[in-house]
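Visitor: In this note's numbering, the protein residues as written are 5 to 497.
Quick one: this structure, given as structure tokens, is what I'll be asking you about.
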């Protein structure tokens, strides 16, 4: 009777220790944040901005089509989705570790032994089954499952993070593409105007009202205008090449999709930022770090559970049958019982593992906190850039109008004989620069709006379309038509 009593005592002690071994789920991390952004909205958000299809506020069908297509074909998004699939499979593995394990086997044989021509065949049959189950007495299994669930959730937010990075990259590259096209158009218009001034100077040289110096200066303005075009053409091609990489296609295909006249995408909507605390639930990078923190906390419990005994239940059953010379013999055996394995001396290794996991959890908390602070900084910087940029754009518009008037007056004065060719050349150069500055300001405002949307997590949870079955079965051009994206809402809320 001593053995059952001893076993019962060990199990009772283990049950008491189990209550101390496992901790509950840690509370969500917190940090001090201001009530509002410095220049942001003072009103709460009226909708879930993670589902906002914000790029449609630019009212550019080509941009929308490229994003819809990229949602399916972007390689980084596909990789993130596969990582999520792997995380889900690991979650299943973590759950199955503490489930009952049953194995079965069977055998059959027939033999004949002859001695001096005498003997009879023998047949034997057997079957066996084993049962084993690791009892999660000290919470190690539950902690491992919590870790796996947290890692799966982190992988899901990683998909959103990759998607948001893709949206920002593609939209900004498309803005650059259209800016360079606009800059090429402006530069060509500047070239045409410079050539007009040169022709005017040459005509006046023939009549004796202009000098060779005047024509040389006019020619220099033409050459300067020509030199401005190639860099924009180079930048335009580089933007096309990058769009091809993002969409997993050729630059020839992107050039075809973006060909034709298209205006620069302009900021026409107001971005609702909400409050800094909203970033904790809207930014996928913050949520990802929070889930990784939960996983790290669960690993503390996994390490702590190794300090306590491991209890397992094991059982076997064997059935055998022998047939020889018309006689049959059968045997059946079985066994079942628990086993308890306790660490006695590990040289402090197990406790050091707990200390290591605790330190790593503290580090992960600091990563989460750093991500929050950087997120607030990104929003504040984007707000400043957007607010100041809008005022700058209006100033550039007025500057273009003023230089246009100055150019016309200088040309009239020169034709009338009261002005200098230098006045026209300076006015032409200033007007060309002002037009390019305006185009650059429009570009900067659009990119600032994109960065603000990304900084607040806008569009991060837009539903991904179903993957294409194969490139041949579903051509890329048709996939964009069937891409499933959340229903757009009114721009800016």
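Beta carbons are placed, not taken as given, at the ideal position from N, Cα and C, and that holds for glycine.
Per DSSP, which residues does residue 338 bridge with? Please list them.
Guide: Its beta-bridge partners are 321.
Visitor: Distance check for residue 72 and residue 57, CA to CA, integer angstroms please.
Guide: Whole-angstrom Cα-Cα distance: 11 Å.
Visitor: Roughly how many angstroms separate the alpha carbons of residue 418 and residue 188, rounded to a whole number?
Guide: Between residue 418 and residue 188, the C-alpha separation is close to 29 Å.
Visitor: What residue from 235, 238, 131 has the CA that sits closest to residue 111's CA?
Guide: Measuring from the Cα of residue 111, the nearest candidate turns out to be 131.
Visitor: Does DSSP put residue 343 in a helix, in a strand, or in coil?
Guide: Of the three classes helix, strand and coil, the one that applies to residue 343 here is strand, per DSSP.
Visitor: Going by beta-carbon coordinates alone, are residue 55 and residue 175 separated by less than 8 Å?
Guide: Result no, Cβ atoms of residue 55 and residue 175 do not sit closer than 8 Å.
Visitor: Which class does residue 35 belong to by DSSP, given the choice of helix, strand or coil?
Guide: In this structure, residue 35 counts as coil in the three-state DSSP scheme.
Visitor: To the nearest angstrom, how far is the alpha carbon of residue 177 from that of residue 193?
Guide: Answer to the nearest angstrom: the Cα atoms are 24 Å apart.
Visitor: Please work out which residues of its chain come closer than 7 Å, Cβ to Cβ, to residue 182, disregarding the five sequence neighbours upstream and downstream, and give them in chain order.
Guide: So the qualifying residues of the chain are 266, 268, 269.
Visitor: DSSP state of residue 134, grouped into three classes?
Guide: In this structure, residue 134 counts as strand in the three-state DSSP scheme.
Visitor: Since residue 129 sits in a beta bridge, which residues does DSSP pair it with?
Guide: Note: residue 129 sits in a beta bridge opposite 112, 325.
Visitor: Output the distance between the C-alpha atoms of residue 384 and residue 367, rounded to the nearest integer angstrom.
Guide: Their Cα atoms are separated by approximately 26 Å.
Visitor: Would you list the one or two residues that DSSP bridges to residue 394?
Guide: Residue 394 pairs with nothing; no bridge assigned.
Visitor: Would you tell me roughly how many angstroms separate the C-alpha atoms of residue 155 and residue 129, rounded to the nearest one?
Guide: Going from the Cα of residue 155 to the Cα of residue 129 covers about 48 Å.
Visitor: Within its chain, find whatever has a CB closer than 7 Å to the CB of residue 90; leave out the 5 residues flanking it on each side and keep chain order.
Guide: Excluding sequence neighbours, residue 90 sits near nothing in its chain.
Visitor: Which residue or residues does DSSP assign as beta-bridge partners of residue 314?
Guide: Answer is 345.
Visitor: Could you give the distance in angstroms between the alpha-carbon of residue 278 and the alpha-carbon of residue 51?
Guide: Using only the alpha carbons, I get a separation of about 10 Å.
Visitor: Classify residue 216: buried if its beta carbon has 16 or more other beta carbons within 10 angstroms, exposed otherwise.
Guide: So residue 216 counts as exposed.
Visitor: Quick one, which of 171, 375, 397, 80 has its alpha-carbon nearest residue 34's?
Guide: The residue with the shortest Cα to Cα distance from residue 34 is 375.
Visitor: Hey, residue 84 and residue 152 are a contact pair by Cβ (cut 8 Å); roughly how many whole angstroms apart?
Guide: That belief does not hold up - the Cβ atoms of residue 84 and residue 152 are roughly 18 Å apart, past 8 Å.
Visitor: So what does residue 331 bridge to, in DSSP terms?
Guide: BP columns for residue 331 point to 328.
Visitor: Distance, Cα to Cα, residue 328 vs residue 335?
Guide: Looking at the two C-alpha atoms, the distance is approximately 15 Å.
Visitor: Thinking C-alpha only, which one of 400, 425, 398, 401 is nearest residue 411?
Guide: Of 400, 425, 398, 401, the residue nearest in Cα terms is 425.
Visitor: Excluding the 5 residues flanking residue 125 on each side, which residues of the same chain have their C-beta closer than 8 Å to its C-beta?
Guide: 114, 115, 116, 328.
Visitor: What span of residues does the alpha helix (DSSP H) with residue 460 cover, start to end?
Guide: Residue 460 -> no alpha helix (DSSP H), and no H or E assigned at all.
Visitor: Going along the chain, which residues of its own chain have a beta-carbon closer than 7 Å to the beta-carbon of residue 288, five neighbours each way excluded?
Guide: Correct list, in chain order: 161, 164, 165, 168, 461, 464.
Visitor: Taking all protein chains shown into account, do 16 or more other C-beta atoms lie within 10 angstroms of the C-beta of residue 36, making it buried, or fewer, making it exposed?
Guide: By the neighbour-count rule (16 or more Cβ atoms within 10 Å), residue 36 is not buried but exposed.
Visitor: So for residue 466, helix, strand or coil by DSSP?
Guide: Reduced to three states, the DSSP call for residue 466 is coil.
Visitor: Going by DSSP in three states, residue 361 sits in which element: helix, strand or coil?
Guide: Three-state DSSP puts residue 361 in a helix.
Visitor: Just tell me which of 136, 301, 186, 109 has its CA closest to the CA of residue 149.
Guide: For residue 149, the nearest C-alpha among the options comes from 301.
Visitor: Relative to the alpha-carbon of residue 315, which residue among 39, 345, 338, 340 has its alpha-carbon at the smallest distance?
Guide: The candidate whose alpha carbon is nearest that of residue 315 is 345.
Visitor: Looking at residue 408 and residue 452, is the spacing between their C-beta atoms short of 8 Å?
Guide: Going by C-beta atoms, residue 452 is not nearer than 8 Å to residue 408.
Visitor: Distance, Cα to Cα, residue 378 vs residue 184?
Guide: Whole-angstrom Cα-Cα distance: 31 Å.
Visitor: Tell me the DSSP secondary structure of residue 241 in three-state form.
Guide: Residue 241 falls in the helix class under three-state DSSP.
Visitor: So what's residue 107 in DSSP terms, helix, strand or just coil?
Guide: Three-state result, residue 107: strand.
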